[in-house]
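Residue numbers (the numbering used here): 240 to 593.
For glycine and all other residues, C-beta sits at the position ideal for the given N, C-alpha and C.
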Amino acid sequence: MSRFLAEKLTVLKPYVPGEQPQDMQYVKLNTNESPYPPAPALMEAVNNEEIKKLRLYSDPELKELIAAIAEFHGINEKKIFCSNGSDEVLSFAFLAWGDKGVAYADITYGFYPVFTQLYGLNEKMIPLKEDFSIDATEYEGLNRMCVIANPNAPTGKAISVESIRKIAETNPDNVVIVDEAYVDFGGESALSLIDECENILVVRTFSKSRQLAGARLGYAMGSEELIADLNRVKFSFNPYNVNRLTSLLGTLSMQDKQWFDSCRNKIINTRKYTTDELRSRGFDVLDSLANFIFAKPCDISGEEYYLKLKANGVLVRHFNKDRIKDYVRITIGTDKEMQTLIEKTDKILKECRK
Ligand SMILES: *Cc1c(COP(=O)(O)O)cnc(C)c1O
């Protein structure tokens, strides 16, 4: 830290992303990426012609990309905003609407408290229930911005669209952000509410269900007014926030619904296999609607299980946080990767029961 740093940044605790080892020696099940490659059309698309075009700025209005998203969801283009990852959408949202305070769960996506601190906002943390479910009634009438990951991370549990509607209706003067990073793996989307509720913003990402985590692309859907607010922030910050290649790849991804469906269905099936296998070994595994599971091993602590898996070449995520330190979050990979996880688990359990 230099002595020149703004004082409020000296106390900021930056977000700590999951490990990204560059040598690929691991079965990588720690950051909820897709184990499958992007759709075939994307492989052909990045050719010399596209690289030559990189001398030009990208389209600040992202017309083609937004048209493809509008087509996919069957909504008006004016209700869509695109960003450099959904993290950027969230950051713009906190800046735009967080000044009356923000509310989110005590156990949820770790970036929310970072944005709160970065922008100096007032935070209200709402504990999850004992079983790690969200008590939606706790968000009613808070008179502050509500941010709900649905399904939630790292639990994989979801709340209903009706609960979201109630939260939006009882906080009429605040925005309700529904972070749907994982909705394509089984949750119920609040997208159907955006025409009715002018204060709901649905946030999506290409990182989890569209095999493009490294391309950095996210988007938001909501009333034209909310989208105009986000554009106001973006054009005050970085008008070219989505680069040309990413915009092209995102467009093509949206156009291949078959590939999208086949990948997410494979993950849903593999999730069931993994859940069943771990439960049959005595693990407590939460019912997940996401592309990961949250599991508490038996006869071994969460941290030890994480460390031993790592020593055996399998990377999962452990959060050293009071309520959840007994658990690990395991991304759903291919069937083969999950078989490896189960084999290594058996080996570890056998060793520690000796
Ligand atoms: C992964 C994730 C994001 C971030 O996604 P990017 O588009 O890669 O920035 C946002 N919210 C939740 C809940 C996530 O798990």
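DSSP beta-bridge partners of T444: G457
Output yes or no for whether 8 Å exceeds the beta carbon distance between D326 and F311. no
Could you check whether S492 and A278 sit closer than 8 Å to each other, using their CB atoms as the reference points? yes
Anyone know if the C-beta pair for S446 and S297 falls short of 8 Å? no
T509 Cβ short of 7 Å to ligand 1 heavy atom set: no
Starting from S297, follow the beta strand (DSSP E) in both directions and report where the run begins and ends. From DSSP, S297 is part of no beta strand (DSSP E); its letter is neither H nor E.
Three-state class that DSSP yields for F533 in the structure shown: strand
Out of V553, A420, V328, point me to the one whose CA is closest to I569's CA. V553
CB contact flag (I532, G425, <8 Å): no
Local Cβ density within 10 Å of E555, reported as buried at 16 or more and exposed below that: Note that residue 555 corresponds to Val in the displayed sequence, not to Glu. Buried.
Considering only DSSP beta bridges, list what L554 is partnered with. K267
Taking Cβ positions, are V417 and N438 nearer each other than 8 Å? no
Among Q261, Y265, P256, L244, which has the Cα closest to the Cα of M577? Y265
At a threshold of 7 Å, does S446 count as lining ligand 1 (C-beta to nearest heavy atom)? yes
Under a three-way DSSP split, which group does K368 fall into? coil
Any idea what DSSP makes of A198, helix, strand or coil? There is no way to answer for residue 198, as the model of the chain reaches only from 240 to 593.
Got a sec: does ligand 1 put a non-hydrogen atom nearer than 7 Å to the Cβ of Y348? yes
Mind checking which residues open and close the alpha helix (DSSP H) that includes C591? 574 to 592
Can you round the beta-carbon distance between L293 and R483 to whole angstroms, since I take them to be within the 8 Å contact cut? 6 Å
At a cut of 8 Å, does the stretch 329 to 338 reach the stretch 461 to 477 through at least three beta carbon pairs? yes
Could you spell out the range, first to last residue, of the alpha helix (DSSP H) harbouring M493? 483 to 494
Which of the three DSSP states, helix, strand or coil, is assigned to K292? helix
Separation of M364 from L381, as counted between CA atoms: 12 Å
Within 10 angstroms of its Cβ, does K318 collect 16 or more other Cβ (buried), or is it exposed? buried
Any non-hydrogen atom of ligand 1 within 7 Å of A459 CB: no
Proximity of A280 and D495 at Cβ, strictly below 8 Å: yes
Report yes if the C-beta of N271 is less than 7 Å from at least one heavy atom of ligand 1; otherwise report no. yes
Nearest-angstrom Cα distance between N410 and K589? 52 Å
Straight-line gap, W498 to S448 (C-alpha atoms, nearest Å): 10 Å
To the nearest angstrom, report how far apart D370 and D526 are at their CA atoms. 11 Å
Look at I223 and Y458 and say whether their C-beta atoms are less than 8 Å apart. An answer regarding residue 223 cannot be provided, because it is not within the stretch 240 to 593 covered by the chain.
If you draw a straight line from the alpha carbon of G567 to that of H557, how long is it in whole angstroms? A small fix is needed here, since residue 567 is Val in this sequence, not Gly. V567 and H557: Cα-Cα distance of roughly 5 Å.
When DSSP labels each residue in this structure, what does I387 get in the three-state scheme? strand
Of the residues C385, P393, E377, which one's Cα is nearest the Cα of D338? C385
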